[in-house]
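This report refers to the structure that appears directly beneath it.
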Amino acid sequence: MSDFNNDLKKEQILAEYLDASIYPQLGMNYTRISDINSQYRGIDFILKENGGLINVDEKAQLTYLNKSLPTFAFEISYFKNEVLKQGWLNDQTKETEAYFLITGIQTKDGTDELAHTTNINSCTIHRVNRQKLIDLMAQKGLSPSKLNIISEKLRAEKKHGKQAISELHGYNEGNLFFTHWLPEKPINLVLKLQFLIDNGVAKKIK
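For the record, in the sequence shown the residue sitting at position 94 is 115 according to the working numbering, with numbers rising by one throughout.
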């Protein structure tokens with residue numbers, strides 16, 4: 022199985038677990054989206070809340086099973102078929118209004134494999150308001166256009182790995198990370214979850 026298909030299978034297993042074991046506990050009223058075109062537009066489910074509808078994109082740390090990281094990576098840019106693409110955070114074609122960040126995914130047997138929903142023991146979920154996050158970054162001097170400029174500079178200068186930036190406090194807020202060894206060569210904005218909570222952008226819901 023290719024890495025892409027393997028990741029997709031894990032995402033499906035996680036979604037089934039959330040639908041069966043977590044979201045009902047949270048009393049959520051929502052509709053899971055199966056239409057692939059809607060998913061490409063950043064909509065995994067539509068949350069019905071306070072008389073309105075919210076497009077939600079689930080993002081999970083599936084490569085860090087049985088670990089509880091204090092950060093989450095937001096995609097700024099990546100390559101697809103040798104063409105540089107806008108990452109999902111600032112991609113204007115995405116209709117996402119909120120992210121559900123699923124972290125700290127614990128398996129019952131402690132292995133790093135997700136073969137079935139019964140393998141999952143627990144997880145943590147933070148809800149992030151996408152526009153508030155974009156606005157917070159702009160207030161910090163990291164507008165979408167500025168992030169693109171920094172991203173292009175890192176690629177041109179081949180600065181790989183963790184990159185400190187003056188706009189963010191590295192210990193308390195975040196940094197950029199250039200994962201050059203992956204085929205997509207993504208550059209991510211890695212932010213502290215507590216920083217997002219403190220600024221009213223995120224809240225822990227599970």
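Even for Gly, the Cβ is constructed at its ideal location relative to N, Cα and C.
Give the C-beta separation of residue i and residue j to the nearest angstrom, bearing in mind that I take them to be a contact with Cβ-Cβ under 8 Å.
i: residue 93; j: residue 77; result: Not a contact, Cβ separation roughly 15 Å.
i: residue 63; j: residue 115; result: 4 Å
i: residue 210; j: residue 110; result: 7 Å
Residue j and residue i - do their beta-carbons sit closer together than 8 Å?
i: residue 69; j: residue 50; result: yes
i: residue 108; j: residue 97; result: yes
i: residue 225; j: residue 145; result: yes
i: residue 134; j: residue 163; result: no
i: residue 206; j: residue 100; result: yes
i: residue 87; j: residue 46; result: no
i: residue 161; j: residue 142; result: no
i: residue 186; j: residue 199; result: no
To the nearest angstrom, report how far apart residue i and residue j are at their CA atoms.
i: residue 54; j: residue 35; result: 14 Å
i: residue 167; j: residue 156; result: 13 Å
i: residue 175; j: residue 41; result: 42 Å
i: residue 83; j: residue 71; result: 31 Å
Measuring alpha carbon to alpha carbon, tell me which of the options ends up nearest residue i.
i: residue 113; options: 143, 131, 152 and 103; result: 152
i: residue 212; options: 184, 144 and 178; result: 184
i: residue 165; options: 137, 194 and 95; result: 95
i: residue 102; options: 208, 204 and 72; result: 204
i: residue 32; options: 136, 46 and 42; result: 136
i: residue 79; options: 130, 199 and 39; result: 39
Just to confirm my understanding: we take residue i, look at its own chain, exclude 5 residues before and 5 after, and list those with CB closer than 7 Å. What are they?
i: residue 223; result: 147, 148, 149, 214 and 217
i: residue 23; result: Caution is warranted here: a pLDDT of 45 is assigned to residue 23, below 50, making its placement in the model unreliable, and the coordinate value is therefore given only provisionally. Within the same chain, residue 23 has no close Cβ partners at all.
Which same chain residues end up closer than 8 Å to residue i when comparing Cβ atoms and leaving out the 5 residues on each side of it in sequence?
i: residue 52; result: 66, 67 and 69
Against chain D, does residue i count as a neighbour if the rule is that its beta carbon must be under 8 Å from one of theirs?
i: residue 113; result: Looking for chain D here will not work: only one protein chain is present.
Please list, in chain order, all residues of the same chain as residue i whose beta carbon is under 6 Å from its beta carbon, the five residues on each side excluded.
i: residue 139; result: none
i: residue 89; result: 125
i: residue 221; result: none
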